[in-house]
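> Residues in the first sequence are numbered from 5 upward in steps of one, following our numbering.
The C-beta atom is built at its ideal place from N, Cα and C for all residues, glycine as well.
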Amino acid sequence: MIKGIKGVKDLLPEESPRWRLIEEAARRWAGRYGFHEIRIPIFEVTTLFARSIGASTDIVEKEMYTFQDRDGTSLTLRPEGTAGTVRAYIEHNRAAIPVPQKYFYFGPMFRHERPQAGRLRQFHQFGVESLGMADPQADIEVIALLWRILSDLDLPGLTLEINNLGYTADRDIYRPHLVSYLKQHESGLCANCRHRVDANPLRVLDCKVPDCRAITETAPRLSDSLSETARSYFTRVLSGLDVVKIPYSLNHRLVRGLDYYNLTTFEVTAANLGAQNAVGAGGRYDGLVETLGGPSTPAVGFAIGLERMSMLLPESAIINAQKDMPLYVAGFGDHGTVAGLMALEELRLAGFHAVADFRSLTLKAHLRQADRLKCRFTLIIGDDEVVKGSAILRDMETKVQHDVGLSSITLRILSLLAGS
RNA sequence: GUGGGUGUAGCUCAGCUGGUUAGAGCGCCGGAUUGUGGAUCCGGAGGUCGCGGGUUCGAAACCCGUCAUCCACCCCA
Numbered sequence: 005m006i007k008g009i010k011g012v013k014d015l016l017p018e019e020s021p022r023w024r025l026i027e028e029a030a031r032r033w034a035g036r037y038g039f040h041e042i043r044i045p046i047f048e049v050t051t052l053f054a055r056s057i058g059a060s061t062d063i064v065e066k067e068m069y070t071f072q073d074r075d076g077t078s079l080t081l082r083p084e085g086t087a088g089t090v091r092a093y094i095e096h097n098r099a100a101i102p103v104p105q106k107y108f109y110f111g112p113m114f115r116h117e118r119p120q121a122g123r124l125r126q127f128h129q130f131g132v133e134s135l136g137m138a139d140p141q142a143d144i145e146v147i148a149l150l151w152r153i154l155s156d157l158d159l160p161g162l163t164l165e166i167n168n169l170g171y172t173a174d175r176d177i178y179r180p181h182l183v184s185y186l187k188q189h190e191s192g193l194c195a196n197c198r199h200r201v202d203a204n205p206l207r208v209l210d211c212k213v214p215d216c217r218a219i220t221e222t223a224p225r226l227s228d229s230l231s232e233t234a235r236s237y238f239t240r241v242l243s244g245l246d247v248v249k250i251p252y253s254l255n256h257r258l259v260r261g262l263d264y265y266n267l268t269t270f271e272v273t274a275a276n277l278g279a280q281n282a283v284g285a286g287g288r289y290d291g292l293v294e295t296l297g298g299p300s301t302p303a304v305g306f307a308i309g310l311e312r313m314s315m316l317l318p319e320s321a322i323i324n325a326q327k328d329m330p331l332y333v334a335g336f337g338d339h340g341t342v343a344g345l346m347a348l349e350e351l352r353l354a355g356f357h358a359v360a361d362f363r364s365l366t367l368k369a370h371l372r373q374a375d376r377l378k379c380r381f382t383l384i385i386g387d388d389e390v391v392k393g394s395a396i397l398r399d400m401e402t403k404v405q406h407d408v409g410l411s412s413i414t415l416r417i418l419s420l421l422a423g424s
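As structure tokens, then:
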């Protein structure tokens, strides 16, 4: 048997209603906040991701699905959505448009990781990018949108954490302080962090090992090295969140894994989601557009993991969103089958949700299928009904049956249904 | 990439320190009801015990390998 690829999942019809619910909520809120959908390719030239995400990040170092095109150019399946969105923004000269460019997107992302609860090789994100505005209100707007979508879906146990990464220059000033502190306590750090001290010291702050946490608890804080402008920017973001009543908690350890972030970074985590507890995350990335060859353009954005949202979505939310019950057409016998086919098509053309199981040859079998398909009404057409020129409409709950003339099926059914 | 758990019927699982024909519940099909579903009763179908080696008189069980899957590390959405 040919099986699906490791870490890549099929979404079966039973599950798609919950996904649609999530997607509809995201779309609805994004629209209200003035974001427009952008659809970009799922693969790009490899250097786009290497340059934007950061060459020494785990994503680029070991998680990308990279392959050669026929002419030898290196392509990769997108591991996230920001890089491609920014590439499109630059390529189509969207900076020249005199209104802010605010995009949202849906789609699959690819990362070659070991699958785990809440982590797949092909997973799906909804993301937004707000390009062109260097105002704290843009950060607030994006964070508010994120929070609104999640709240709308009633996802339980969420917390929004936020931090200020400052400008690149701020981190350049801070990094030596942190490194020299960490070097003093190097023996107490985990093996991973000892490596990180040289490679990416800020990530040590993020380590979950208790000993490392104890050490970093008393480490110099990035917030003490921040410039005045970075501080006041962040203060305005926080007070704006208060104004629009978005609850948050400060987390000075929050260091995002992608290199392009600066100033505001945030993350929404969920209890009861296993080890992979980040539902959504984002931040400001003022330097990225320029890094990729575009005009200097401030930007903020976030992405949320649809699988993780789906895991959190309560079952009751889906039940409430169930569609109306279909109508079953039971045509059997030589002539009844033909008349049933006609009726089925007629009902569908009239706008009914009408179904039938063509394997069923007896009335008993048809009714059983009608029951399984959760049909409220069954239209019974056997050879006898064809002779009489009228079918039987059976209410599956009350068992009440009505004769309906074959020549005026849809009108009769409409009026019967209106009365029930 | 590194650990650990689990692979037995369509699904969820039982199967003792190795013992002869591998079980249950649910589901499925049929009948009781020759044209009336769900409930009940009766009957039936369905299994390379993940795969490949090995140990043994004998392996679903023990050993080795392998694959798949889940969880965790790591990392992140």
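Please tell me whether residue 88 and residue 21 are closer than 9 angstroms, where the distance is taken between their beta carbons.
Taking 9 angstroms as the Cβ cut-off, residue 88 and residue 21 do not qualify as a contacting pair.
> Can residue 114 and residue 125 be called in contact, C-beta distance under 9 angstroms?
Yes, the pair counts as a contact, with Cβ atoms nearer than the cut-off.
> Pull up the distance between the alpha-carbon of residue 409 and that of residue 9, whole angstroms please.
Those two C-alpha atoms are separated by around 53 angstroms.
> Report the option in 182, 412, 23, 260 whose CA atom is closest to the CA atom of residue 63.
For residue 63, the nearest C-alpha among the options comes from 260.
> Are the Cβ atoms of residue 34 and residue 147 separated by less than 9 angstroms?
Not closer than 9 angstroms, so no.
> Find the nearest neighbour of residue 384 within the set 378, 364, 332, judged by alpha-carbon distance.
Minimum Cα distance to residue 384 is reached at 332.
> Is residue 112 helix, strand or coil by DSSP?
The answer is strand: DSSP assigns residue 112 an E or B state.
> Determine the direct distance from the alpha carbon of residue 351 to that of residue 381, and round the result to whole angstroms.
Rounded to the nearest angstrom, the two C-alpha atoms are 13 angstroms apart.
> Evaluate residue 273 with the Cβ neighbour count: other Cβ atoms within 10 Å of its Cβ, from every protein chain shown; 16 or more gives buried, anything less gives exposed.
Flag for residue 273 reads buried.
> Roughly how far, in whole angstroms, is the beta-carbon of residue 26 from the beta-carbon of residue 329, given that I think they are within contact range, below 8 angstroms?
Not really, about 24 angstroms apart at Cβ, beyond 8 angstroms.
> Residue range of the beta strand (DSSP E) that residue 399 falls in?
Run containing residue 399: 394 to 399, per the beta strand (DSSP E) assignment.
> For the putative contact between residue 231 and residue 171, defined by C-beta atoms under 8 angstroms, what is the C-beta separation to the nearest angstrom?
So it is a contact: roughly 6 angstroms between Cβ atoms.
> Run through the segment 184 to 239 for me and flag every whole alpha helix (DSSP H) of 4 or more residues, listed as ranges in chain order.
Listed in chain order, the complete alpha helix (DSSP H) runs (minimum 4 residues) inside the segment 184 to 239 are 195 to 203, 214 to 221.
> Output yes or no for whether 9 angstroms exceeds the beta carbon distance between residue 266 and residue 169.
For residue 266 and residue 169, yes; Cβs fall inside 9 angstroms.
> Is it right to say residue 354 is buried, meaning 16 or more other beta carbons lie within 10 angstroms of its own, or is it exposed?
Result: exposed.
> In the DSSP assignment, what residue or residues form a beta bridge with residue 9?
Per DSSP, none; premise fails for residue 9.
> Closest to residue 248 by C-alpha separation, out of 407, 117, 144, would be which residue?
Selected option, being the one with the closest Cα: 144.
> Once DSSP output is grouped into helix, strand and coil, what is the label at residue 354?
Reduced to three states, the DSSP call for residue 354 is coil.
> Quick one: what's got a C-beta closer than 7 angstroms to residue 55's C-beta in the same chain, skipping five residues either side?
Around residue 55: 295, 296.
> How is residue 242 classed by DSSP in three states: helix, strand or coil?
Correct three-state label for residue 242: helix.
> Looking at the structure shown, is residue 53 part of a helix, part of a strand, or coil, going by DSSP?
Looking at residue 53 - three-state DSSP - the assignment turns out to be helix.
> Specify the secondary structure class of residue 345 as computed by DSSP and reduced to three states.
Correct three-state label for residue 345: helix.
> Helix, strand or coil for residue 3 per DSSP?
Because the chain spans 5 through 424 in this model, residue 3 falls outside it and cannot be assessed.
> By the 10 Å Cβ neighbour count, where 16 or more other Cβ atoms means buried, how is residue 71 classified, buried or exposed?
The residue is exposed, with fewer than 16 neighbouring Cβ atoms inside 10 Å.
> Express the C-alpha separation of residue 120 and residue 15 in angstroms, rounding to a whole number.
One C-alpha to the other measures close to 17 angstroms.
> For my contact list, residue 3 and residue 305 are in at a C-beta cut-off of 8 angstroms; report their separation, rounded to the angstrom.
As shown, the chain starts at 5 and ends at 424. That puts residue 3 outside it, with no answer to give.
> Can you have a look at residue 293 and say buried or exposed, based on whether 16 or more other CB atoms are within 10 angstroms of its CB?
It counts as buried.
> Less than 9 angstroms between the beta carbons of residue 50 and residue 80, yes or no?
Yes. Within cutoff.
> From residue 191 to residue 197, what does the alpha carbon distance come to, in whole angstroms?
Between residue 191 and residue 197, the C-alpha separation is close to 10 angstroms.
> Restricting to runs no shorter than 3 residues, where is the beta strand (DSSP E) found entirely within the segment 62 to 108?
Here the runs fully enclosed are 69 to 72, 78 to 81.
> Between residue 335 and residue 32, what straight-line distance do the alpha-carbon atoms span, to the nearest angstrom?
Approximately 42 angstroms, taken between the alpha carbons.
> Quick check on residue 133: does DSSP put it in helix, strand or coil?
Here residue 133 sits in strand by DSSP.
> Which of the three DSSP states is assigned to residue 34 in this structure?
Reduced to three states, the DSSP call for residue 34 is helix.
> Can you look up residue 258 in the DSSP assignment and give me helix, strand or coil?
Coil at residue 258, not helix or strand.
> Run through the segment 259 to 288 for me and flag every whole beta strand (DSSP E) of 3 or more residues, listed as ranges in chain order.
For the segment 259 to 288, whole beta strand (DSSP E) runs of length 3 or above, ordered along the chain, are 266 to 274, 282 to 288.
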